[in-house]
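Undergrad: Sequences listed follow chains V and Z, in order. If you count by full-length UniProt numbering, then the first sequence holds residues 1 to 258, one letter each, in order. If you count by full-length UniProt numbering, then the second sequence holds residues 1 to 216, one letter each, in order. Here a beta-carbon is modelled for each residue, glycine too, at the ideal position from N, C-alpha and C.
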Amino acid sequence: MFARFILMTTQLPGDALVSLNAVNKHYGQLHVLKDINLQVRKGEVVVVIGPSGSGKSTLCRAINRLETIDDGDIAIDGKQLPAEGKELARLRADVGMVFQSFNLFAHKTILENVTLGPIKVKGVSKAEADKEAMALLERVGVGHQAPKLPAQLSGGQQQRVAIARALAMKPKVMLFDEPTSALDPEMINEVLDVMIQLAKEGMTMIVVTHEMGFARKAADRVVFMADGQIVEDATPEEFFTNPQSSRAKDFLSKLLTH
Amino acid sequence: MDVIIESLPQYWDGFLRTLFLAAVSGIIALVVGTLLAAARVSPVAALRGFSMAYVEVVRNTPLTIAFFFAAVVLPRLGVTFQQFEIAAIIALSAYTSAFIAEAVRSGVNSVPIGQAEAARSIGMKFGQVLSLIILPQALRTVVPPLINILIALVKNSSVAGAFFVLELFGYGKQLANDHGDAVMWVLVGVAFFYLLITVPLGYLAHQVERKVAIAR
Numbered sequence: 001m002f003a004r005f006i007l008m009t010t011q012l013p014g015d016a017l018v019s020l021n022a023v024n025k026h027y028g029q030l031h032v033l034k035d036i037n038l039q040v041r042k043g044e045v046v047v048v049i050g051p052s053g054s055g056k057s058t059l060c061r062a063i064n065r066l067e068t069i070d071d072g073d074i075a076i077d078g079k080q081l082p083a084e085g086k087e088l089a090r091l092r093a094d095v096g097m098v099f100q101s102f103n104l105f106a107h108k109t110i111l112e113n114v115t116l117g118p119i120k121v122k123g124v125s126k127a128e129a130d131k132e133a134m135a136l137l138e139r140v141g142v143g144h145q146a147p148k149l150p151a152q153l154s155g156g157q158q159q160r161v162a163i164a165r166a167l168a169m170k171p172k173v174m175l176f177d178e179p180t181s182a183l184d185p186e187m188i189n190e191v192l193d194v195m196i197q198l199a200k201e202g203m204t205m206i207v208v209t210h211e212m213g214f215a216r217k218a219a220d221r222v223v224f225m226a227d228g229q230i231v232e233d234a235t236p237e238e239f240f241t242n243p244q245s246s247r248a249k250d251f252l253s254k255l256l257t258h
Numbered sequence: 001m002d003v004i005i006e007s008l009p010q011y012w013d014g015f016l017r018t019l020f021l022a023a024v025s026g027i028i029a030l031v032v033g034t035l036l037a038a039a040r041v042s043p044v045a046a047l048r049g050f051s052m053a054y055v056e057v058v059r060n061t062p063l064t065i066a067f068f069f070a071a072v073v074l075p076r077l078g079v080t081f082q083q084f085e086i087a088a089i090i091a092l093s094a095y096t097s098a099f100i101a102e103a104v105r106s107g108v109n110s111v112p113i114g115q116a117e118a119a120r121s122i123g124m125k126f127g128q129v130l131s132l133i134i135l136p137q138a139l140r141t142v143v144p145p146l147i148n149i150l151i152a153l154v155k156n157s158s159v160a161g162a163f164f165v166l167e168l169f170g171y172g173k174q175l176a177n178d179h180g181d182a183v184m185w186v187l188v189g190v191a192f193f194y195l196l197i198t199v200p201l202g203y204l205a206h207q208v209e210r211k212v213a214i215a216r
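(1) Closer than 9 Å, CB to CB, is aspartate 184 of chain V near chain Z or not?
(2) Going residue by residue through the region 115-184 of chain V, where are the continuous alpha helix (DSSP H) segments of at least 4 residues, counting only ones entirely within it?
(3) Use the C-beta contact count for histidine 26 of chain V: other C-beta atoms within 10 angstroms, 16 or more gives buried, fewer gives exposed.
(4) Which residue from Z:Val212, Z:Ala160, Z:Val143 and Z:Ala191 puts its Cα closest to that of arginine 17 of chain Z?
(5) Rounded to the nearest angstrom, what separates glutamate 56 of chain Z and isoleucine 27 of chain Z at their Cα positions?
(6) May I ask you to report which of helix, strand or coil DSSP gives threonine 64 of chain Z?
(7) Taking 8 Å as the threshold, find out whether the region 100-110 of chain Z comes into contact with the region 33-45 of chain Z through three or more Cβ pairs.
(8) Should glutamine 11 of chain V be labelled buried (16 or more other beta-carbon atoms within 10 Å of its own) or exposed?
(9) Which of the three DSSP states, helix, strand or coil, is assigned to phenylalanine 84 of chain Z?
(10) Spatial neighbours of isoleucine 163 of chain V within its chain, please: CB distance less than 7 Å, with the 5 preceding and 5 following residues excluded, ordered by chain position.
(11) Could you tell me the boundaries of the beta strand (DSSP E) in which glycine 96 of chain V lies?
(12) Is the CB of glutamate 56 of chain Z under 9 Å away from at least one CB in chain V?
(13) Does DSSP classify glycine 202 of chain Z as helix, strand or coil?
(14) Can you give me the Cβ contacts of tyrosine 171 of chain Z inside the same chain, cut-off strictly under 6 Å, excluding the 5 residues immediately before and after it?
(15) Taking the beta carbon of histidine 206 of chain Z as the centre, do at least 16 other beta carbons fall within 10 Å, making it buried, or is it exposed?
(16) Mind checking if serine 57 of chain V is an interface residue toward chain Z, Cβ cutoff 9 Å exclusive?
(17) Between lysine 211 of chain Z and chain V, is there a C-beta pair that is closer than 9 Å?
(18) Against chain V, with Cβ distances strictly below 9 Å, would lysine 173 of chain Z count as a contact?
(19) Measure from the C-beta of alanine 38 of chain Z to each C-beta in chain V and report whether the shortest distance is under 9 Å.
(20) In the structure shown, what three-state DSSP assignment does arginine 92 of chain V receive?
(21) Between the C-alpha atoms of arginine 4 of chain V and threonine 241 of chain V, what's the straight-line distance to the nearest angstrom?
(22) CB-CB under 8 Å to methionine 169 of chain V, same chain, minus the five flanking residues each way: which ones, in chain order?
(23) Return the chain-ordered list of same chain residues with a C-beta closer than 8 Å to the C-beta of valine 3 of chain Z, the five sequence neighbours on each side being excluded.
(24) Counting only beta-carbon separations shorter than 9 Å, does histidine 107 of chain V have a partner in chain Z?
(25) Tell me, please, whether the region 48-66 of chain Z touches the region 90-102 of chain Z by the rule of three or more beta-carbon pairs shorter than 8 Å.
(26) By Cβ distance below 8 Å, which residues in the same chain neighbour arginine 160 of chain V in space, the five residues on each side in sequence not counted?
(27) Would the region 26-40 of chain V count as touching the region 51-69 of chain V if we require 3 or more Cβ pairs under 8 Å?
(28) Output yes if chain Z places a C-beta closer than 9 Å to the C-beta of glutamine 17 of chain V; else output no.
(29) Excluding the five sequence neighbours on either side, which residues of its own chain have a C-beta within less than 7 Å of the C-beta of leucine 91 of chain V, listed in chain order?
(30) Could you give the first and the last residue of the continuous alpha helix (DSSP H) run that contains arginine 48 of chain Z?
(31) Strictly under 9 Å for the Cβ-Cβ distance: is leucine 132 of chain Z near chain V by that measure?
(32) Going along chain Z, which residues have a C-beta under 7 Å from serine 101 of chain V?
(33) Short check: CB of histidine 107 of chain V to CB of proline 136 of chain Z, under 9 Å?
Here's what the structure looks like:
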């Protein structure tokens, strides 16, 4: 395990699109991220799994600084994540984020949800933004819902709109924070299909999920977290067939018995 | 009864002046109150502190004090007015904006945090997050309390009558002096004209509330 761990962290830094070095975070006494080192290369799909409270969501949110970190550094495409202000906003525009609870803008139509970022942040013309947004909505299969409000859509449809909204910014990397955890079982697949398609098209993705099927099918690497640490970092094949740590073995055995 | 019919021109003039005072102060208070609420949630500590201090002081002192400040203290400091109406408008809008700020702030807090996070994650700056995502949703939820505050403002404007501004209440005082035998009817008339403003406002609140409610 440690050999593999060192191998991952000794990648050339210029090679990494997302790079976390010695990142630590506390919530009061609780040490939620312990010395996290993670490099994600362009085009790579990294699935982060682990038990609840292992810090995987915090890790995901820290990458676009929705959570602050205590020390260490995070860089996107070679640029350090700035603390606040304009620079941070600019960098965030390059990092797409999909939330567990969708978070579509409740007072805007589906189309406006997708066009708002390009128009207000990137200064794209409305006509251009509308055209691109419609293409994206068609791609995720909700084109005909464009004039509706978010509350009129099912959870699965809302989440696909949220993916389209993030894609509209043409991000370098997409973060998914438990994107299917709030969905009814029959809606999970329609979201996963969109994500698998995205992975095939070469999008760099960091996905926090409990969907092991997605990890097997679409991931290049599986990162297993427990108690705020990265315990394993392996290919899905290696991780699922031959986990090294007892924590991972324990976690997997609990999943498979159901 | 006759006194009301006889004095309709005075009532009408007073009604229009009260309407003017309330409308102008209301608009100023809405703008200032929203800015105060924005300052209260801003990342700048000094703005937050100023907004909090302003709201706490103004909200917790009587309106009459605000009028004394505007009508008596400000002129001593060299700010003089041609008309007392200006002082009344300053006092009323300064006082009302503190209540508006609190209402808007509670509305901001009622918008789920995920809305702001989603807006930040697509690269919006603080001002954009607030003006495009948070405030439009917050203002919808605070329409009923805001209209309550505006109704209170209409009634509070009667304090101006005690500070030499001839509005509905000011005329009421005059009429009561002139018609000592019909004070009750004079006051009924005054009350009626206040209701002419406040009851439709309440009705408006009800209508707007139904229209702008957003589903989640």
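TA: With the given structure in hand:
(1) no
(2) 126-139 and 155-167
(3) exposed
(4) Z:Ala160
(5) 21 Å
(6) helix
(7) yes
(8) Caution applies to glutamine 11 of chain V, whose pLDDT of 46 falls short of 50 and renders its modelled position unreliable; the value that the coordinates give is listed next. Label assigned to glutamine 11 of chain V: exposed.
(9) helix
(10) Val98, Val140 and Val194
(11) 95-98
(12) no
(13) helix
(14) Gln10 and Gly14
(15) exposed
(16) no
(17) no
(18) no
(19) no
(20) helix
(21) Caution is warranted here: a pLDDT of 46 is assigned to arginine 4 of chain V, below 50, making its placement in the model unreliable, and the coordinate value is therefore given only provisionally. Whole-angstrom Cα-Cα distance: 16 Å.
(22) Ala93, Asp94, Gly96, Gly117, Pro118, Val121 and Lys122
(23) Leu175, His179, Ala182, Trp185, Val186 and Gly189
(24) yes
(25) yes
(26) Val140, Gly141, Val142, Glu190, Val191 and Val194
(27) yes
(28) According to the sequence provided, residue 17 of chain V is leucine. The question's glutamine does not apply to it. It does not; no Cβ of chain Z falls within 9 Å.
(29) Ile76, Lys79, Leu81 and Pro82
(30) 45-59
(31) yes
(32) Gly114
(33) yes
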